[in-house]
Structures are given as C-alpha cells and as structure tokens.
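> Following this message is one structure expressed as structure tokens.
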Amino acid sequence: MSSDGSSDSSSSSDSPSSRSDSSSDSNSSESSFSNYSTRKFEISKAKSYSLSKWIVTGINDDKIKKCREMYKPTLKRKANILINPSLDESVFLRLRTFKGSHATKANIDPTEKTLRKLSFKILDLVKPLLFLAGRRKLKRKSKSDSIAIKIALRLWATLLRDVIKTRRHNILSQVYPEFTGLLERTDIWSGGEDLFGRKFLKHLVGEARSQATLEGISKRSEKAGSENSQQASSTSREKNADSFFNSRSRNGPGIRNGSNWKNNWNQGRNKSGGRYNK
Numbered sequence: 623m624s625s626d627g628s629s630d631s632s633s634s635s636d637s638p639s640s641r642s643d644s645s646s647d648s649n650s651s652e653s654s655f656s657n658y659s660t661r662k663f664e665i666s667k668a669k670s671y672s673l674s675k676w677i678v679t680g681i682n683d684d685k686i687k688k689c690r691e692m693y694k695p696t697l698k699r700k701a702n703i704l705i706n707p708s709l710d711e712s713v714f715l716r717l718r719t720f721k722g723s724h725a726t727k728a729n730i731d732p733t734e735k736t737l738r739k740l741s742f743k744i745l746d747l748v749k750p751l752l753f754l755a756g757r758r759k760l761k762r763k764s765k766s767d768s769i770a771i772k773i774a775l776r777l778w779a780t781l782l783r784d785v786i787k788t789r790r791h792n793i794l795s796q797v798y799p800e801f802t803g804l805l806e807r808t809d810i811w812s813g814g815e816d817l818f819g820r821k822f823l824k825h826l827v828g829e830a831r832s833q834a835t836l837e838g839i840s841k842r843s844e845k846a847g848s849e850n851s852q853q854a855s856s857t858s859r860e861k862n863a864d865s866f867f868n869s870r871s872r873n874g875p876g877i878r879n880g881s882n883w884k885n886n887w888n889q890g891r892n893k894s895g896g897r898y899n900k
C-alpha cells in the first residue's frame, strides 16, 4: 500500500502467521459489522454545495489527473487486482473474425471500450481508500472511521466486480453465447491483465469438448435408430408378402399362378435392391 501502510505492516505478509492474522482480522470485522447499527449524519451546506457542483458541472481535467496520480499504493499480495484487464488475445482474434473487422483490440467493440474506461476510473477511486485503510497507527482514527473505510472498500470491490462481469458477458455473448453460464462460477477466475484469464479459458475449452462429444454420441444414436427402423420395416414387408402368397396357396384355386407370382416378386425385389416394384 502507501508508505505509511508499509511501515506499519509486518516483514512478511506471506507467512502462516500473517495469513492467520488476516483471517482473524476478517472474522473480527465481520463481527463488528454485525454489531454496527445504521449511522445517520449530516453534511454541511458548504460541502453539499461543492459535491453538487462537482456532479453537475464537473471537475477540471487537470485537477482530476492530479488527484489520480496523488496516491500510488503497492500491494504485497495480489497486486494484479489493481490492473485494468484487457481482452485475451485468443478471445480478441475470435471476436475480430466474428465481426469481420480489422480493428485493434482497443477499438474492436464499442461497449468494451466504454466499460474499460469506466474501469480505470473505478480503480482510481480505491487508491485514497487504500491509503486510509493502511494507516493503522493513526491516533485520531476511531473505530467508526475504520468500519466506514472497510464498508467503502467493499462497495468499491462490488462495483468493480460488476463492471468487469458485464464486460465479460458482453464479449462472451458474441463469440461463445452458449457458454455464458460459466460467468456465474466463482472458482475459475484469477484476475490479472487478461479479462478472462487462462483458468477460465481452460474450463471453456473443456466445456466445448464435452459438448462436441455429447453431440457426436447423439448423432450416432439417431443414425443407428434410423437404420434399425428401416431394417425392421423391410423385414415386416417380407413377412407380409410371404403371408400373402401362403394364403393364396392354401385357398386352392390359382395355386400354380400364386407360386409364379411369388417367384416373380422375389426376382423383382433382387433387381431393385430389396424393394418390390408393383
């Protein structure tokens, strides 16, 4: 995080004791949240006016750029969560083929372009929050302040996750719409520079192979069923013909003609490949 947060941290965040401390901190924060009642508070007229002006008329681009560059956190673990992901190369090539376009990765899809810009702004938002969260030894920082910061971080994380999920759905629904259900899984994401990542793409390939295998089995089953039906129909026609000729033989008159008719029918059947031509 910030320099203040780094000086307050232990020497190694990857050690077992560090992970244990993190887990206990998480449990304690959950407990504090459950015991924390709704806080009503007022904002002064001056601050309300400033906030309203920022929203309605906006803030100068130079000032926003300065605010954006003022805090530069360094995460000791999972630093890739502050990276704004871009399209995976394989997904980008698939999308470009689907659209029949030669556009660059940044311009291949207008919705993705817009949402990626929004993701940058959301990532900028968390930097001062991480600065406040890292100042553990701030004397004037009360318990309610700590809880407010943690709540702000949770709301920020939810916002960023929703935007990234929307980005993924926008792209996947175009190139692989039959696999959008994979977006609901929570165990196939790793974060980082790629919007989908290797872990997700590995599961996507596995699902595609499974689906292709099942479709192949279904087609073979349908073909076998059709062949069995045709064979059964042919056998039924042969039995009906034998029954017809035998009944004429038993009736007496035309017995010799009946025998000739059966021979002629068999000859015609052989010439026509198993089908009787009337």
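Just add 622 to the spot in the sequence shown (first one is 1) and you have my numbering.
Beta carbons are placed, not taken as given, at the ideal position from N, Cα and C, and that holds for glycine.
In the structure shown, what three-state DSSP assignment does S659 receive?
Taking the first residue of the sequence shown as position 1, residue 659 is located at position 37. Reduced to three states, the DSSP call for S659 is coil.
> Quick one: measure Cβ to Cβ for V797 and F742, integer angstroms, because I've assumed they're closer than 8 Å.
Translated into the one-based positions of the sequence shown, residue 797 becomes position 175. Translated into the one-based positions of the sequence shown, residue 742 becomes position 120. Contact doesn't hold; Cβ gap of about 24 Å is too wide.
> Closer than 8 Å is the cut-off here; do at least three beta carbon pairs connect the region 815-827 with the region 700-707?
The region 815-827, when compared against the region 700-707, does touch it at the 8 Å Cβ threshold.
> Look up S812 in the DSSP assignment and say whether it is helix, strand or coil.
Numbered from 1 along the sequence shown, position 190 holds the residue referred to as residue 812. DSSP places S812 in coil when its eight states are reduced to three.
> Is the Cβ-Cβ distance between A774 and L740 less than 8 Å?
Your numbering for residue 774 matches position 152 in the sequence shown. Your numbering for residue 740 matches position 118 in the sequence shown. No, they are not a contact pair.
> In the structure shown, what three-state DSSP assignment does S666 receive?
Along the sequence shown, read from residue 1 onward, the residue named residue 666 stands at position 44. DSSP places S666 in coil when its eight states are reduced to three.
> Classify S723 as helix, strand or coil using the three-state DSSP reduction.
The sequence position of residue 723 within the sequence shown is 101, counting from 1. Coil, per DSSP.
> Going by other Cβ atoms of all chains shown within 10 Å of its Cβ, with 16 needed for buried, is I793 buried or exposed?
Your numbering for residue 793 matches position 171 in the sequence shown. So I793 ends up on the buried side.
> Looking at K727: is its Cβ nearer than 8 Å to the Cβ of F714?
Within the sequence shown, residue 727 is the residue found at index 105, counting from 1. Within the sequence shown, residue 714 is the residue found at index 92, counting from 1. For K727 and F714, yes; Cβs fall inside 8 Å.
> Count the other C-beta atoms from every protein chain shown that fall within 10 angstroms of the C-beta of L777, then say buried if there are 16 or more, exposed otherwise.
In the sequence shown, residue 777 corresponds to position 155, counting from 1. The residue is exposed, with fewer than 16 neighbouring Cβ atoms inside 10 Å.
> How many Å lie between G722 and P732 at the Cα?
In the sequence shown, the residue the question calls residue 722 occupies position 100. In the sequence shown, the residue the question calls residue 732 occupies position 110. Near 15 Å, if we compare the C-alpha coordinates of P732 and G722.
> So, using beta-carbon positions, are K749 and P695 closer together than 8 Å?
Along the sequence shown, one-based indexing puts residue 749 at 127. Along the sequence shown, one-based indexing puts residue 695 at 73. In this structure, P695 lies closer than 8 Å to K749 by Cβ.
> Quick check on the burial criterion: 16 or more other C-beta atoms within 10 angstroms. Buried or exposed for A828?
Position 206 of the sequence shown, counted from the first residue, corresponds to residue 828. Note on residue identity: the sequence assigns Gly, not Ala, to residue 828. Exposed, since its Cβ has fewer than 16 Cβ neighbours within 10 Å.
> Taking only three categories from DSSP, how would you classify S764?
To locate residue 764, count along the sequence shown from 1; it is residue 142. Looking at S764 - three-state DSSP - the assignment turns out to be coil, as it is neither helix nor strand.
> Given that a residue counts as buried once 16 or more other Cβ atoms are within 10 Å of its Cβ, and exposed if not, what is I673?
The sequence position of residue 673 within the sequence shown is 51, counting from 1. According to the sequence as given, residue 673 is Leu; it is not Ile. L673 is exposed by the Cβ-count criterion.
> Would G876 be called buried (16 or more neighbouring beta carbons within 10 Å of its own) or exposed?
Mapped onto the sequence shown, residue 876 falls at position 254. Confidence is the limiting factor: at G876 the pLDDT is only 48, short of 50, which leaves the residue's position unreliable and the question unanswerable from this model.
> If you check the beta carbons only, do F801 and W811 fall under 8 Å apart?
Along the sequence shown, read from residue 1 onward, the residue named residue 801 stands at position 179. Along the sequence shown, read from residue 1 onward, the residue named residue 811 stands at position 189. Not a contact, by the Cβ cut-off of 8 Å.
> In whole angstroms, what separates the C-alpha of D784 from that of I703?
Locating residue 784 in the sequence shown gives position 162, where the first residue counts as 1. Locating residue 703 in the sequence shown gives position 81, where the first residue counts as 1. If you take the alpha carbons of D784 and I703, they lie about 14 Å apart.
> How is S629 classed by DSSP in three states: helix, strand or coil?
Mapped onto the sequence shown, residue 629 falls at position 7. Confidence at S629 is low in this model, with a pLDDT of 38, below 50, so its placement is unreliable and no value can be given for it.
> Can you tell me which of K841, H724, K675 puts its alpha carbon nearest to the alpha carbon of K667?
Locating residue 667 in the sequence shown gives position 45, where the first residue counts as 1. Ranking the options by Cα distance to K667, first place goes to K675.
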